[in-house]
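For reference, the structure is listed below as structure tokens.
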Amino acid sequence: MTGRTGTAERMRTDDGAHLATSVTEGAGRTVVLVHGWGGARSVWDRVASRLTGLGYRVVSYDQRGHGGSTTGRDGIGIDRLRADLAQVLDRFDADGAILAGHSGGGYTALAYAGADPVVAGQRLRGLVLAGTAAYGQDTPAGELRMMGNPVFSWALRRPGLGRRMLGGMLAPGSDRALAEQNRELFAAVQPAVRRDFFRVSCGMDLRAGLESVTVPAVVLAGEHDKIVAPAYGEQLSRTLPTARFEQIPGAGHMLPLERPEHIVRAVTGLG
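Residue numbers (UniProt numbering): 1 to 271.
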């Protein structure tokens, strides 16, 4: 099926999950985009359209349980998300790809790279890591309960109320249309899935595996990010041997919506 974001299909993972994917064909290098918790691949539309216009081949997918994807038999965990990404790279013959992950999608990308740095070095051309971290993102127990609470989901479905509840995800004064898109994406995720994804980062520490990852990387952080503090991005850039860090003035957490041009610039700088 061909649509606004390219050719869409559902691929099956080895545990029976069906992942909704999109690919826009181009003669250039492949870029694989991984969205964060409570999102969907459409969060990358502003990035994907720019990259496609520059000739890149762009692959994006809904992480399990999000958008058009199911959860599969293995459920939700960082190793499972890493395996999903590996299978997406296989399905789309993405050798030499630039891998871009935002927020929880960055956790997935980092888990993939750190699990086998030699394979990552052979397979990837570069990493773009936006609004993300390698550790220190423990979601409090009360917030986890809230994520799975039907009353919270009811509130998220009310546009004005939902935008206010999620207001800290974007920088102050952000465009209302972007805030509404963010709300719609977050509200569309089933409460139990949202809760289980936010639980993934509890106790997560990927730093040891990343110290051997030699893939060139760019770490981006919004100046006003209240979800993943810029200090964690700076620490991540020091953990990865060949990374550089860039703090984006005036931006919040949702960089694919707020600052797509910065992500595109990071990709093009890698090849």
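Just so it is clear, CB atoms sit at the ideal spot from N, CA and C, and this is done for glycine as well.
- Membership of M204 in any beta strand (DSSP E) is not indicated, and neither H nor E is assigned to it by DSSP.
- With at least 16 other beta carbons inside 10 angstroms of its own, G222 counts as buried.
- DSSP places Q137 in the coil class of the three-state scheme, outside both helix and strand.
- With respect to D196, I76 sits close: the two C-beta atoms are nearer than 8 Å.
- In the three-state reduction of the DSSP assignment, Q190 falls in the coil class, being assigned neither a helical nor a strand state.
- Collapsing the DSSP output to three states places L99 in a strand.
- The alpha-carbon of T7 is positioned some 17 Å away from that of R50.
- Around the CB of G65, 16 or more other CB atoms lie within 10 Å, so the residue is classed as buried.
- In the DSSP assignment, M169 falls outside any beta strand (DSSP E) and carries neither an H nor an E.
- In this structure, E180 is the residue among H102, E180, N149 and A113 with its C-alpha nearest to the C-alpha of R164.
- Counting the other Cβ atoms within 10 Å of the Cβ of W37 gives 16 or more, which makes it buried.
- Per DSSP, Q122 is one residue of the alpha helix (DSSP H) stretching across P117 to R123.
- Between the alpha carbons of A40 and V88 lies a distance of about 15 Å.
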